[in-house]
Amino acid sequence: MIENLIEYLSANSPGTWAVPLLVLIAFAETLFPPIPGDVLFIVMTGWARAGGLHPAAAAACGFAGCMLASCILFYIGHRPGRQFIEGWLQERVDPSRVDRARELVSKHGPLVLALSRFVPGIRSLLVLMAGSSGMRFAVAAVPVAFSAAAWYTILSAAGSVLGRSLDSARGFMDGLELLIWVVLGGAVLFFLAWWLVTARRRG
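So in this note's numbering, the last spot in the sequence shown is 186, and the numbers never skip.
In C-alpha cells, the structure reads:
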C-alpha cells in the first residue's frame, strides 16, 4: 500500500491537501497503531517539503493529529473504561501489552505519558490506560502534548533530510527504535543499580 502511495506522490506535486493528509496520518497511526504511520509520515513530510512546506509546519500537523487521537483514546479509557479494556480490547490486543501499559501508568503516571510516543508497542495503550486509571485529563494532557511535539519534530526533521525515500524512512525508524530500546534498557539498569546501592546503605 505504501509503495503505491509513493508512486502516486512521485507522479504528482504537493498541493494544499498535504497538510490535512499529514494530520490524518498522525491521527490514524495514533488511534490505530498497526498502521505504519511513522514511516508514512516521514515519507509524506519529505514529499511535502519538496513543495515548500516547512518542517515546523509538518511537525505541527503531526502534533495536531496525534493530540486529537490521544483525546479520543483518553475519553474511551475514561468513559467505557474497564469494561471496554477487559472486553473488546483484550480480544484484539495481546493481554501482556495491556497489563504492561496499565502497570507503567499506575507506577509512573504523567512521567510515562511524557515518554509515551517513545515506548514501542504500547504508546497508544498508555493514553488509554491513563483515562481508565481515573487520571484527570488536565494532568494527562501536558505530558502527552510534550511527547507528541517531541516525536513529530523528530519525524519531520527526518523527512526533511531523507526526502521521500521509503527505504531510508524504514531504516531511520529501525535505527530509532533500536536506540530507544538501548536507552530504555540503560535506564532500567541505572535505576536497578541505584535501588541496590540505596538498599545496601539502608541495610
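Just so you know, even glycine gets a beta-carbon here, dropped at the ideal spot from N, CA and C.
Put simply, the backbone Cα of residue 16 is about 13 Å away from that of residue 77.
At a Cβ-Cβ threshold of 8 Å, residue 33 and residue 20 do not count as neighbours. Short of 6 Å from the beta carbon of residue 99, and not among the five residues preceding or following it, lie these beta carbons of its own chain, in chain order: 106, 109, 130. Following the DSSP letters along the chain, one finds residue 22 inside the alpha helix (DSSP H) bounded by residues 20 to 33. Secondary structure of residue 36 (DSSP, three-state): coil. In this structure, DSSP gives residue 16 a state outside helix and strand, which the three-state scheme calls coil.
Apart from sequence neighbours up to five positions away, the residues of its chain that approach residue 80 with a beta-carbon distance below 7 Å are 104, 105, 108, ordered along the chain. For the options 2, 113, 117, the alpha carbon positioned closest to that of residue 126 is the one of 113. The stretch 39 to 58 makes contact with the stretch 133 to 142; the number of CB pairs closer than 8 Å reaches 3 or more. Nearest C-alpha to residue 31 among 55, 1, 97, 6: 1. Take residue 56, set aside five residues on each side of it, and the residues of its chain with a beta-carbon closer than 8 Å to its own are 13, 14, 107, 110, 111, 114, in chain order.
Annotation: the continuous alpha helix (DSSP H) that includes residue 134 extends over 120 to 145. Between residue 22 and residue 50, the alpha-carbon positions lie close to 19 Å from each other. Across the structure, residue 122 and residue 11 are spaced so that their CA atoms are roughly 24 Å apart.
Per DSSP, reduced to three states, the secondary structure at residue 105 is coil, with no helix or strand assignment.
Taken atom to atom, the span from the alpha-carbon of residue 82 to that of residue 91 is near 14 Å.
The beta carbon of residue 44 is closer than 6 Å to those of 2, 5, 6 in its chain, skipping five residues each way along the sequence. When the five nearest sequence neighbours on each side are left out, the beta carbons in the same chain lying within less than 7 Å of the beta carbon of residue 102 are those of 109, in order along the chain.
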